[in-house]
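Trainee: All the letters of the sequence shown, read from the start, carry residue numbers 1 to 618 under the UniProt record's numbering.
Just so you know, even glycine gets a beta-carbon here, dropped at the ideal spot from N, CA and C.
Got a structure for you, questions after.
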Amino acid sequence: MSSSYKMPKLISDFNLSNKLIEVAKLKAKPESENIKKSLKKEIIKTLVKNGISKKEAIKIASDRIEKKSLDPSFLIKFNDGKEVAVGIIKACPSLYEGEYIADPFSIEDGTQKAIVLPDGNIYSFKHGGYTIRTNTSLAHVIDRINKIQNVYSEFEALELKDEFEKILSNIEDLSKKDIKEIKTLLKIKGVIKNLDDLSVKIYSRYELSAEGKPISTDKNLEELLRKYGFEFFYDEIAKELKITHPEISESTDNDLGVAYSIIQSYAERDNFKKDIIEHLSPLLMNKFAINPLKDMVEDAIAKYDGQDYIKKLVDCLESNCSYQYKYVIVMLWLIQCVASWFHDNENCPVKSAYMKFEQVLLIQGVQGLSKTKLFSKLLDFDGMNKYFKAGAKLNPSDKDTIIQSIGFGIVELGEIDATFRKSDIAELKAFLSNTYDQVRLPYDRTASKYKRRTSFCASVNETSFLVDQTGNRRFLILSLIAILFSEVEKIDFFQLWGQIGTLYKNGTKWWLDRADNRDKLILDELEQLHNCHIKTTMIDDVVSEIDEKIKYIKSQHNFQVNQIQITQTTFSPTKILQNFGIQRPSRTEIAEFKEKMAKKGYEFNKANNLRLPSNLLN
1 MSSSYKMPKL
11 ISDFNLSNKL
21 IEVAKLKAKP
31 ESENIKKSLK
41 KEIIKTLVKN
51 GISKKEAIKI
61 ASDRIEKKSL
71 DPSFLIKFND
81 GKEVAVGIIK
91 ACPSLYEGEY
101 IADPFSIEDG
111 TQKAIVLPDG
121 NIYSFKHGGY
131 TIRTNTSLAH
141 VIDRINKIQN
151 VYSEFEALEL
161 KDEFEKILSN
171 IEDLSKKDIK
181 EIKTLLKIKG
191 VIKNLDDLSV
201 KIYSRYELSA
211 EGKPISTDKN
221 LEELLRKYGF
231 EFFYDEIAKE
241 LKITHPEISE
251 STDNDLGVAY
261 SIIQSYAERD
271 NFKKDIIEHL
281 SPLLMNKFAI
291 NPLKDMVEDA
301 IAKYDGQDYI
311 KKLVDCLESN
321 CSYQYKYVIV
331 MLWLIQCVAS
341 WFHDNENCPV
351 KSAYMKFEQV
361 LLIQGVQGLS
371 KTKLFSKLLD
381 FDGMNKYFKA
391 GAKLNPSDKD
401 TIIQSIGFGI
411 VELGEIDATF
421 RKSDIAELKA
431 FLSNTYDQVR
441 LPYDRTASKY
451 KRRTSFCASV
461 NETSFLVDQT
471 GNRRFLILSL
481 IAILFSEVEK
491 IDFFQLWGQI
501 GTLYKNGTKW
511 WLDRADNRDK
521 LILDELEQLH
531 NCHIKTTMID
541 DVVSEIDEKI
551 KYIKSQHNFQ
561 VNQIQITQTT
571 FSPTKILQNF
581 GIQRPSRTEI
591 AEFKEKMAKK
601 GYEFNKANNL
611 RLPSNLLN
């Protein structure tokens, strides 16, 4: 009978397949355990032979086999044939970072199976990839000092004779007694003639308390992260901490939570108090912040070719608005975007600038015009699209929706028709005027103030959507008939941001000023657009009808309202509204009626009633 293994047919039942795998693992386990035991005995035997106590040797062997952890005396085989002790690699990781080595647990597989990490740990590519922790210990140092001639010859061969002290300085949490013992051994062995000759102090890399334990400081946290191979930064636009580590898979759910857990475990290993993790967010935000949109604009400015890309974009927008209005409105809002991404109050190139980014570019047009698509094109290059959010549901009273909206460079407000309810509009206007956002992000203990780095835009289908005739200056309305996407696709938006960034750097403001002749014309046209898009209510119809009737009465009787020439009667707002068809007016409708009549110049008496021509309600 042939002993060769035959591949079974593809199993469609994955449960059965997994079961077979588990059975195979169970069958292989006894053999695996025997190999581990044999290897462990061999390691213990070798260590004891080299002068390590049996108790220490058993611990070292267990760490190697069970914890995938290497003691300092373990020799690592490199691709070029050299063998270097783990303690030396750990002391001087920058000398070996990125070099290929043999997997310490499978040397027979060759020297391309693992790599030295920046912190001196080892990453193996076998079995799907795993990290092997390397250590430096007092026991190893003493052992190496006892064999001092071997240590020096080893360092001399590597041209690193002076690096011996670096091994000592890499040992953490040494007591004064430990340090004294090491210095004494150094003196006995003739390495130094007296203690003053030791040029590099033996110390922990952490700042220690009087009890000899690491204290919770930003500096110590930074050292902890670097020591264990974490890469980290804070994205100012996304308001997001990003932490990577060989133990964190890119596909891991809640990768930030996993990172915090791993950091906490390493912190406890190094005798930190638990509160060290509380320094993480402030540390990364203050010292390791990145701003991809700012960097993109800086790069675009450097590569800007001088063409007018604003004109190229505006030429794609068919509208009944004047060309100058379109150009200026689009330009100002885009400059606002750049100003918000930079958010630099101290070094802002625009004189008298205040860090408000409250203008909303609002495109009005029929459904199917692809208004959202136009906004998305602004950042649709070089991975910048992740900083655009479409259809954001913003409720200024809901901190969760605020957090979901401020983590982007450009945000299109969704359901803007609903947002323009009069009860919500005051809150929205106040929110847009904020220069900072005070929120509590995930893993922060308390709420913090974050610079506003977001510009908002919106789109609406209806022609009547503004509910208030005041305070609409924030909404830069652009009524469009069509968007020529065949031409939009030809625009180099990277170059567009180069032009916008150049305008910003040259001091071009991003707001309208009525004192400026050009801006006065733009504001007049904007005001006309606001009036065209005011949403009318039943109360508006009543007020308009009252105006028309009074005009008719004036023409018939040739009198002015303030010079009473006909009989007048006092009417309550409720009676007036009922007469014009609103049979059961609500308090809100009555208040709206009084407000709009007062704006028209009508005066109410102390009883909140109106004196109007007697025949007005006939």
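So, helix, strand or coil for P214, using DSSP?
Mentor: Locating residue 214 in the sequence shown gives position 214, counting from the first residue. DSSP places P214 in strand when its eight states are reduced to three.
Trainee: Quick one: give me the first and last residue of the beta strand (DSSP E) that T134 is part of.
Mentor: Here residue 134 corresponds to residue number 134 of the sequence shown, with the count starting at 1. Residues 130-134.
Trainee: Using only the alpha-carbon positions, how far apart do G368 and S459 sit?
Mentor: Stepping through the sequence shown from its first residue, residue 368 is reached at position 368. Stepping through the sequence shown from its first residue, residue 459 is reached at position 459. Those two C-alpha atoms are separated by around 11 Å.
Trainee: Tell me where the alpha helix (DSSP H) around A302 begins and ends.
Mentor: Within the sequence shown, residue 302 is the residue found at index 302, counting from 1. 292-303 is the span of the alpha helix (DSSP H), which, as asked, contains A302.
Trainee: By Cβ distance, which residues of its chain are closer than 7 Å to M355, with the 5 residues on each side in sequence left out?
Mentor: Here the question's residue 355 lines up with position 355 in the sequence shown. These residues qualify, in order along the chain: H343, N345, T435.
Trainee: Please report how far the alpha carbon of G391 lies from the alpha carbon of I262, in whole angstroms.
Mentor: Working through the sequence shown from its first residue, we reach residue 391 at position 391. Working through the sequence shown from its first residue, we reach residue 262 at position 262. For G391 and I262, the distance between alpha carbons rounds to 36 Å.
Trainee: Beta carbon of F78, beta carbon of E99: below 8 Å?
Mentor: Sequence index remark: in the sequence shown, residue 78 carries index 78 (1-based). Sequence index remark: in the sequence shown, residue 99 carries index 99 (1-based). Going by C-beta atoms, F78 is nearer than 8 Å to E99.
Trainee: Can you tell me which of the three DSSP states F485 falls into?
Mentor: As a first step, residue 485 must be located in the sequence shown, where it is residue number 485. DSSP places F485 in helix when its eight states are reduced to three.
Trainee: Beta-carbon within less than 8 Å of Q499's beta-carbon, same chain only, minus the 5 sequence neighbours each way: which residues are those?
Mentor: The sequence position of residue 499 within the sequence shown is 499, counting from 1. Result list for Q499: Y304, Q307, D308, Y309, I310, in chain order.
Trainee: Measuring straight from C-alpha to C-alpha, what distance separates I145 and F233?
Mentor: Here residue 145 refers to the residue found at position 145 when the sequence shown is read from its first residue. Here residue 233 refers to the residue found at position 233 when the sequence shown is read from its first residue. Below a pLDDT of 50, predicted positions are generally treated as unreliable, and I145, at 46, falls in that range; no measurement from the model is reported.
Trainee: Sort N506, G407, K312 by Cα distance to K490 and report the nearest one.
Mentor: One-based indexing of the sequence shown puts residue 490 at position 490. Out of N506, G407, K312, K312 has the C-alpha closest to the C-alpha of K490.
Trainee: First and last residue of the alpha helix (DSSP H) that includes Q583?
Mentor: The residue given as residue 583 occupies position 583 in the sequence shown. Counting along the chain, Q583 falls outside any alpha helix (DSSP H), and DSSP gives it neither H nor E.
Trainee: Is the beta carbon of I60 closer than 8 Å to that of P104?
Mentor: Translated into positions along the sequence shown, residue 104 becomes position 104. Translated into positions along the sequence shown, residue 60 becomes position 60. Their beta carbons are not under 8 Å apart, which means P104 does not touch I60 by this criterion.
Trainee: Is the distance from the Cβ of W497 to the Cβ of V314 below 8 Å?
Mentor: Indexing the sequence shown from 1 puts residue 497 at position 497. Indexing the sequence shown from 1 puts residue 314 at position 314. Against a cut-off of 8 Å, the Cβ pair of V314 and W497 comes out as no contact.
Trainee: For Q359, count neighbouring C-beta atoms within 10 Å of its own C-beta (all shown protein chains included) and say buried if the count is 16 or more, exposed if not.
Mentor: Looking up residue 359 in the sequence shown gives position 359. Q359 comes out buried.
Trainee: W510: which of S455, L480, V543, I550 sits nearest, CA to CA?
Mentor: Taking the sequence shown and counting its residues from 1, one reaches residue 510 at position 510. Checking every option, the nearest Cα to that of W510 belongs to S455.
Trainee: Note the first and the last residue of the continuous beta strand (DSSP E) segment covering T244.
Mentor: Taking the sequence shown and counting its residues from 1, one reaches residue 244 at position 244. 240-244 is the span of the beta strand (DSSP E), which, as asked, contains T244.
Trainee: Give me the Cβ distance between I243 and A259, rounded to the nearest whole Å; I'm assuming they're in contact under 8 Å.
Mentor: Within the sequence shown, numbered from 1, the residue matching residue 243 stands at position 243. Within the sequence shown, numbered from 1, the residue matching residue 259 stands at position 259. Confirmed, Cβ separation roughly 4 Å.
Trainee: Might you give, ordered along the chain, the residues of its own chain that have their beta carbon closer than 7 Å to the beta carbon of I89, omitting 5 neighbours on each side?
Mentor: Reading the sequence shown from its first residue, position 89 is the one you call residue 89. If we look at I89 and ignore the five residues flanking it on each side, its Cβ neighbours are I76, Y96, V116, G120, T134.
Trainee: Sorted by chain position, which residues of the same chain lie with C-beta nearer than 6 Å to V350's C-beta, five sequence neighbours on each side aside?
Mentor: Residue mapping note: residue 350 aligns to position 350 of the sequence shown, counting from 1. Around V350: G507, K509.
Trainee: CA-CA distance, T372 and S397?
Mentor: Stepping through the sequence shown from its first residue, residue 372 is reached at position 372. Stepping through the sequence shown from its first residue, residue 397 is reached at position 397. Approximately 25 Å, taken between the alpha carbons.
Trainee: Alpha carbon to alpha carbon, what distance is there between Q404 and F388?
Mentor: Residue numbering aside, residue 388 sits at position 388 when the sequence shown is read from its first letter. Residue numbering aside, residue 404 sits at position 404 when the sequence shown is read from its first letter. Their backbone Cα atoms lie some 12 Å apart in a straight line.
Trainee: Using the three-state DSSP reduction, which class does L478 fall into: helix, strand or coil?
Mentor: Taking the first residue of the sequence shown as 1, we reach residue 478 at position 478. The answer is strand: DSSP assigns L478 an E or B state.
Trainee: Compare the C-alpha of C316 against each of F485, K554, S555 and name the closest.
Mentor: Start at 1 with the first residue of the sequence shown, and residue 316 comes out as number 316. Nearest of F485, K554, S555 to C316, Cα basis: F485.
Trainee: Between the stretch 578-596 and the stretch 527-543, do three or more beta carbon pairs fall short of 8 Å?
Mentor: Cβ pair count under 8 Å is three or more, so yes.
Trainee: Residues in its own chain within less than 7 Å of E222 by CB, not counting five upstream and five downstream?
Mentor: Taking the sequence shown and counting its residues from 1, the one referred to as residue 222 is at position 222. The residues are L283.
Trainee: Quick one: grab the DSSP three-state call for residue 627.
Mentor: Lying before the first or after the last residue shown, residue 627 is absent from the chain, which here runs from 1 to 618.
Trainee: Examine the Cβ distances between the stretch 438-449 and the stretch 320-334 and report whether three or more of them are shorter than 8 Å.
Mentor: Counting Cβ pairs under 8 Å, fewer than three are found: no touch.
Trainee: Please return the same chain residues whose Cβ sits closer than 6 Å to the Cβ of L362, not counting the five positions on each side in sequence.
Mentor: In the sequence shown, counting from the first residue as 1, residue 362 sits at position 362. Cβ neighbours of L362 beyond the five flanking positions: A458, F475, I477.
Trainee: Apart from the five residues just before and just after K273, which ones in its own chain have a Cβ nearer than 7 Å to its Cβ?
Mentor: In the sequence shown, the residue the question calls residue 273 occupies position 273. Once the five neighbours on either side are set aside, the close Cβ partners of K273 are S216.
Trainee: Drop a sphere of 10 angstroms on the beta-carbon of Q583, count the other beta-carbons inside from all chains shown, and report buried for 16 or more, exposed for fewer.
Mentor: As a working mapping, residue 583 is identified with position 583 in the sequence shown. The residue is exposed, with fewer than 16 neighbouring Cβ atoms inside 10 Å.
Trainee: How big is the Cα-Cα spacing for S586 and N608?
Mentor: For the purposes of this step, residue 586 is taken as residue 586 along the sequence shown, with counting starting at 1. For the purposes of this step, residue 608 is taken as residue 608 along the sequence shown, with counting starting at 1. Near 16 Å, if we compare the C-alpha coordinates of N608 and S586.
Trainee: What is the DSSP secondary structure of A447, counted as helix, strand or coil?
Mentor: Locating residue 447 in the sequence shown gives position 447, counting from the first residue. Looking at A447 - three-state DSSP - the assignment turns out to be coil, as it is neither helix nor strand.
Trainee: Is R453 closer than 8 Å to I237 when the C-beta atoms are compared?
Mentor: What you label residue 237 is simply residue 237 of the sequence shown in a count that begins at 1. What you label residue 453 is simply residue 453 of the sequence shown in a count that begins at 1. Closer than 8 Å, so yes.
Trainee: Out of I122, S94, K126, which one is the CA nearest neighbour of S106?
Mentor: Within the sequence shown, residue 106 is the residue found at index 106, counting from 1. Ranking the options by Cα distance to S106, first place goes to K126.
Trainee: Compute the Euclidean distance between the alpha carbons of S209 and D270, then round it to the nearest angstrom.
Mentor: As a position in the sequence shown, residue 209 is number 209, starting the count at 1. As a position in the sequence shown, residue 270 is number 270, starting the count at 1. Distance between the alpha carbons of S209 and D270: 13 Å.
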